[in-house]
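See below for the structure under consideration.
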Amino acid sequence: MIKLSHINKRYPNGHEALKDVSFHIEPGEMVFLAGHSGAGKSTLFKLITRIEKPTSGQIFIDKKNVSRLSEAKVPFLRREIGVIFQDHKLLMDRTVFDNVALPLIVIGMPHDEIKKRVRAALGKVGLSGKESQKPITLSGGEQQRVGIARAVINRPSILLADEPTGNLDEALSDEIIDIFADFNQVGVTVLIATHDLRQVERLAKRTLHLEQGQLIGDYQHNSQENNAGNIQPGTSQEQQDG
Amino acid sequence: MGNYFIRHTQVFLATLGDMARSPAATINTVLIIAITLLLPSLLYVLIKSSQGLSDSWQGRPQLSIFLQKDASDAEAQLIFQEIQLHPAIELAEFVTPKQALEEFRLLSETASFDEELEFLGGNPLPASIVLMPNKQSANSENLTELKDQLSKIDGIDTIRLDLDWTERFNAIIGTVSRIGLLLSILLGLGLVLIVGNTIKLLIHNRRDEIEVTKLVGGTNIFVRRPFLYYGTLLGLLGALFSLAFLLLAAGLVDEPLSKLASLYQRQSLVYQLEAAEVAAIIVAGGALGWLAARWSVAQHLWRIKPR
């Protein structure tokens, strides 16, 4: 589903954000992307959504070569990927409804259908009845959920979340991560960037570890085995998924 | 196809909503556009009115032939018939001394007209023939030749050719039309710059929205659509306002002008715009607005990329 092979990213200012990163995430997997801030997690997301282009290497999303995608096709790639941003990227002067509906308005869905879907999505993240509020009046956790509702409204096959529990307390963090686990249960491929190792251990999912732009670990956590470090051959880059 | 229509309706309504949310700024821009469009429209009406005036002389110079005072009626009729047969003449009208006097009496409005006439010792006016040449002959060269030919006829006193004045008038209208065209182009350009700048500000104000829309899969065409609508609507509203101003201006000058018109024995001097011309002004406003938005979007929208 998401395949990176020998990705390098150097920014115009000379900063090397990613160095020879390769991994492969299968459809329906839920994977954590761990590492300190500045390790290259955000850059990785920007490459997957074609906000940035890699300096070298190839990225495949659902068998499409993202780095070779023409500008005109980029919006269609983004429609397949739901992204939850660390800073939410909500429009503060619009209502919750308008924010969540945006991905559907973009594809020209009729208003009645949009209404139904927005209600359903807000229900799923526990924000029923807040349609007409402005995001600015909501708490940080609630804003994060509005972002999640917007990311899933178009039923994407991939969910990317950048530090979704960033500044939330433990209980709220658990709730948010559980929402992602629910989507993963119904077949959505989920990739969550986090430095919250508690969540990584709690869910015991596959974890990619980035350190200073390099992939230094690709672990499969087992519920019995809490000490990370058990590197599994897992999914190699050479494996073709079609 | 249905989706396409829905999308456009949504954008149209949203754009109207955006305009209504900042009424002062919208009205300001619309008025600037209206005034910009008003100047060439006013000039157009002015030129058209002047042309209407010149058309009342059928746009062609006239020749006035004054017969010798002592010519008898029979002689005058003979001359009239001879002139009528000339191939360069389309229309000839014979004016008897009596008719000329009546016309003079109507125009002079002097109460003591008859007394003055008596003082002169009877009707001093000669019989005359008013000629209108046909189209081919209505240029200065042919007319001068015609005048020479006619002056050889016995019994003709003088021939007056109103050539200079007609030519000068046509030349003035021609010059004013050219200036008007130039002015229209310059003001059209100004309008594009005004609307373009408004759209530029709008794009900057909506930076976040554009960024997020692109992040959730909005195409460039989708992102730019509201701005194109905005520009077009501003242009259309500006055109409607300028038409209103035009009506107002026409109303203001109508009264003094109709006094002038009565002197020329015409109903009105102010040119009434036809439906097609009204439509042309509205379309011009909308098209210039759209063009300005296109231009502004091409310059500024692509630079906004999600980070």
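Protein chains in written order, with the working numbering: chain A, 1 to 242; chain B, 243 to 549. Backbone N, C-alpha and C define an ideal beta-carbon position, used for all residues, glycine too. Small disclaimer: the values here were computed from a predicted structure and weren't measured.
(message) To be precise: take each residue of the segment 64-79 of chain A, compare its Cβ to all Cβ atoms of chain B, and keep it if any distance is under 9 angstroms. Which residues remain?
(response) Glu71, Ala72, Val74, Pro75, Phe76, Leu77, Arg78 and Arg79
(request) Ignoring anything shorter than 4 residues or poking outside the segment 373-429 of chain B, list the alpha helix (DSSP H) runs there in chain order. (result) 382-393
(message) With DSSP as the reference, identify every bridge partner of Leu33(A), one or two as the case may be.
(response) Ala193(A) and Leu208(A)
(request) Within the segment 265-333 of chain B, note down every full beta strand (DSSP E) run reaching 3 residues or more, in order along the chain. (result) 305-309
(request) Determine the extent of the beta strand (DSSP E) in which Asp259(A) is found, giving its start and end residues. (result) Examination of residue 259(A) is not possible in this model, given that chain A is present from 1 through 242 alone.
(message) Residues of the segment 95-109 of chain A in Cβ contact with chain B at a cutoff of 8 angstroms, in chain order, please.
(response) Leu102, Pro103, Ile105, Val106, Ile107, Gly108 and Met109
(request) Report the residue from Thr207(A), Lys19(A), Asn154(A) and Gln199(A) whose alpha carbon sits nearest the alpha carbon of Lys9(A). (result) Lys19(A)
(request) Report buried or exposed for Leu475(B), applying the criterion of at least 16 other Cβ atoms within 10 angstroms of its Cβ. (result) buried
(message) I'd like the list of long-range same chain contacts for His250(B), defined as Cβ closer than 7 angstroms, with 5 residues on each side in sequence excluded.
(response) none
(request) Measure the beta-carbon distance from Ser292(B) to Ala330(B) and round it to whole angstroms, keeping in mind my assumption that it falls under 8 angstroms. (result) Between Ala330(B) and Ser292(B) the Cβ distance is about 27 angstroms, and since that is not below 8 angstroms, they are no contact.
(request) Could you tell me whether any Cβ in chain A is nearer than 9 angstroms to the Cβ of Val458(B)? (result) yes
(message) Against chain A, does Thr278(B) count as a neighbour if the rule is that its beta carbon must be under 9 angstroms from one of theirs?
(response) no
(request) Examine the Cβ distances between the segment 204-211 of chain A and the segment 94-105 of chain A and report whether three or more of them are shorter than 8 angstroms. (result) no
(message) According to DSSP, Ser370(B) sits in a beta bridge with which residue or residues?
(response) Phe308(B) and Val337(B)
(request) On a CA-only basis, which of Ala526(B), Ser354(B), Leu494(B) and Phe483(B) is nearest Asn270(B)? Give me that one, please. (result) Phe483(B)
(message) Quick check on the DSSP output: what are the complete beta strand (DSSP E) runs of length 3 or more inside the segment 112-163 of chain A, in order along the chain?
(response) 158-162
(message) Between Val100(A) and Val118(A), how many whole angstroms is the CB-CB distance? I'm expecting something under 8 angstroms.
(response) 5 angstroms
(message) Give me the DSSP bridge partner(s) of Gln214(A).
(response) Glu211(A)
(request) Could you tell me how far apart the beta carbons of Leu494(B) and Leu285(B) are, in whole angstroms, since I believe they sit closer than 8 angstroms? (result) That pair is no contact at about 16 angstroms.
(request) Quick one: which residues of the segment 139-162 of chain A get their C-beta closer than 8 angstroms to a C-beta of chain B? List them in chain order. (result) Arg150 and Asn154
(request) Kindly indicate which residue of Glu131(A), Val188(A) and Val146(A) has the alpha-carbon position closest to the one of Gln86(A). (result) Val146(A)
(message) Can you find the residues in the same chain that come closer than 8 angstroms, C-beta to C-beta, to Ile415(B), ignoring five residues on each side of it along the sequence?
(response) Ile289, Ser292, Gln293 and Ser296
(request) Would you check if the segment 510-519 of chain B and the segment 305-323 of chain B touch, i.e. whether three or more CB-CB distances between them fall below 8 angstroms? (result) no
(request) Quick one: give me the first and last residue of the beta strand (DSSP E) that Arg10(A) is part of. (result) Ile2 to Arg10
(request) Look at the alpha carbon of Gly480(B) and the alpha carbon of Lys73(A), and state the distance between them as a whole number of angstroms. (result) 37 angstroms
(request) Measure the C-alpha to C-alpha separation of Pro27(A) and Arg449(B) and round it to an integer number of angstroms. (result) 34 angstroms
(message) Helix, strand or coil for Gly108(A)? Go by DSSP, reduced to three states.
(response) coil
(message) Closest to Leu431(B) by C-alpha separation, out of Thr278(B), Lys311(B) and Met374(B), would be which residue?
(response) Thr278(B)
(request) Assuming Ala121(A) contacts Ile153(A) (C-beta within less than 8 angstroms), just tell me the rounded distance between them. (result) 5 angstroms
(message) For a cutoff of 9 angstroms on Cβ pairs, would you count His111(A) as touching chain B?
(response) yes
(message) Can you find the residues in the same chain that come closer than 6 angstroms, C-beta to C-beta, to His6(A), ignoring five residues on each side of it along the sequence?
(response) Asp20, Ser22 and Gly57
(message) Under 9 angstroms, Cβ to Cβ, is there at least one residue of chain B near Phe183(A)?
(response) no
(message) Assuming Asp450(B) is part of the alpha helix (DSSP H), what are its boundary residues?
(response) Arg449 to Leu457
(request) Assign Ser264(B) to buried or exposed, taking buried as 16 or more other Cβ atoms, counted over all protein chains shown, within 10 Å of its Cβ. (result) exposed
(request) Could you tell me whether the Cβ atoms of Leu485(B) and Ser283(B) are closer together than 9 angstroms? (result) yes
(message) Quick check: what's the CA-CA separation for Gly129(A) versus Arg68(A)?
(response) 43 angstroms
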